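As structure tokens, then:
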């Protein structure tokens, strides 16, 4: 099975080495997501 990291751009979580989600086959796993503004501020 292929593992695919899911991220938006800009990725506000990149400095923290966190994935926004992971797709494995037909399944998508996500964890608590924080909202952020258009300028990337959380």
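Residue numbers (the numbering used here): 44 to 85. Don't be surprised by glycine CBs; every beta carbon is placed ideally from N, CA and C. Computed from a predicted model, the values in this text were never measured in an experiment.
Beta-carbon spacing of residue i, residue j below 8 Å
{"i": "residue 64", "j": "residue 71", "result": "yes"}
For residue j and residue i, believed in contact at Cβ under 8 Å, the rounded distance
{"i": "residue 44", "j": "residue 68", "result": "5 Å"}
Separation of residue j from residue i, as counted between CA atoms
{"i": "residue 49", "j": "residue 62", "result": "7 Å"}
{"i": "residue 54", "j": "residue 85", "result": "11 Å"}
{"i": "residue 51", "j": "residue 57", "result": "10 Å"}
{"i": "residue 80", "j": "residue 74", "result": "19 Å"}
Neighbourhood of residue i by C-beta, 6 Å cutoff - its chain only, sequence neighbours within 5 removed
{"i": "residue 47", "result": "66"}
Closer than 8 Å to chain C by CB, residue i
{"i": "residue 60", "result": "In the structure shown, chain C cannot be found, because there is only a single protein chain."}
Contacting residues, own chain, Cβ-Cβ under 7 Å from residue i (five flanking each side not counted)
{"i": "residue 59", "result": "none"}
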